[in-house]
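For reference, the structure is listed below as structure tokens.
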């Protein structure tokens with residue numbers, strides 16, 4: 292699509308996330324708690340917890356908050372019991388959507404997610420209807436102009452799964468979900484600092500949207516993000532802001 296840019300799309304999404312920083316701590320605390328509950332308190336043997344703690348620290352969450360969340364997860368402190376649940380469906384133009392939630396009331400959560408799908412032009416589907424269109428992986432995005440050959444060599448040596456060159460000149464380094472932190476740190480040691488990085492569900496094929504469709508899709512994604520029980524929203528939509 293003319294004007295579509297992976298770099299601009301990621302920067303736009305990150306900007307919208309930053310604008311909602313008030314909810315970030317709540318989501319991070321939930322993730323730390325659940326990660327500790329499922330895999331224990333040892334960061335070295337629990338990669339999900341290690342990643343959750345790293346994200347919390349990156350947002351300047353106080354150490355006490357992190358430690359208390361871990362204790363609630365392992366049962367040392369009392370706290371709410373959260374369940375993981377994923378809802379799948381379709382957005383504008385048939386774009387695939389997955390909504391990951393942590394909730395203490397599945398009936399409330401499914402009603403809110405279904406309402407958002409319906410109100411903003413999407414369709415909620417059945418379990419597994421779009422999951423095959425995504426890959427669970429880590430992604431590190433480097434700005435246009437980085438030395439591609441040197442980055443590729445360093446990334447593959449660090450254990451990355453793939454290096455993808457985008458049409459706008461940006462480069463993505465893809466990792467296994469639990470190897471993300473190791474690869475990120477190795478690349479930083481080699482002098483390559485990513486502008487953006489996350490463990491995500493990466494769409495295998497994008498659905499490019501522009502104009503009114505792009506605006507409507509963004510409203511749908513924002514509706515999911517505004518729900519308290521929603522942790523992450525993944526979509527195959529590539530929204531052209533031009």
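Residue numbers (my numbering): 292 to 533.
Just so it is clear, CB atoms sit at the ideal spot from N, CA and C, and this is done for glycine as well.
- For residue 403 and residue 516, the gap between their C-alpha atoms comes out near 11 Å.
- Here the alpha carbons of residue 488 and residue 503 stand approximately 29 Å from one another.
- Annotation for residue 431: the continuous beta strand (DSSP E) segment containing it runs 425-433.
- Residue 483 sits in coil when the DSSP states are folded into three classes, being neither helix nor strand.
- Of the other Cβ atoms in all chains shown, 16 or more fall within 10 Å of the Cβ of residue 505; this residue is therefore buried.
- Pairing residue 443 with residue 454, the inter-Cα distance amounts to about 6 Å.
- Here residue 368 is not bridged, per DSSP, to any residue.
- Among the bridge pairs identified by DSSP, residue 526 is matched with 388.
- Around the beta carbon of residue 347, 16 or more other beta carbons lie within 10 angstroms, which makes this residue buried.
- In terms of Cβ geometry, residue 320 and residue 350 do not form a close pair [threshold 8 Å].
- For residue 436, the closest C-alpha among the options 363, 522, 461, 353 is that of 461.
- Residue 414 sits in a strand when the DSSP states are folded into three classes.
- In the three-state reduction of the DSSP assignment, residue 494 falls in the strand class.
- Closest option to residue 377, judged by alpha-carbon separation, among 531, 522, 529: 522.
- About 6 Å separates the beta carbons of residue 373 and residue 394, which is inside the 8 Å limit, making them a contact pair.
- Annotation for residue 502: the continuous alpha helix (DSSP H) segment containing it runs 502-516.
- DSSP places residue 456 within a strand segment (E or B) once states are collapsed to three.
- Under the DSSP definition of a beta bridge, residue 472 lacks any partner.
- Secondary-structure assignment with DSSP links residue 462 through a beta bridge to 433, 456.
- Annotated three-state conformation of residue 345 is helix, per DSSP.
- Residue 421 carries a coil assignment under DSSP once its states are collapsed to helix, strand and coil.
- Of all alpha-carbon atoms in 492, 496, 478, the one lying nearest the alpha-carbon of residue 486 is that of 478.
- In the three-state DSSP reduction, residue 447 falls in the helix class (H, G or I).
- Annotation for residue 493: 425, 426, 428, 430 place their beta carbon closer than 7 Å to its own, counting only its chain and skipping 5 residues before and after.
- When only Cα atoms are considered, residue 331 and residue 339 end up about 10 Å apart.
- Taken through DSSP and simplified to helix, strand or coil, residue 331 comes out as coil.
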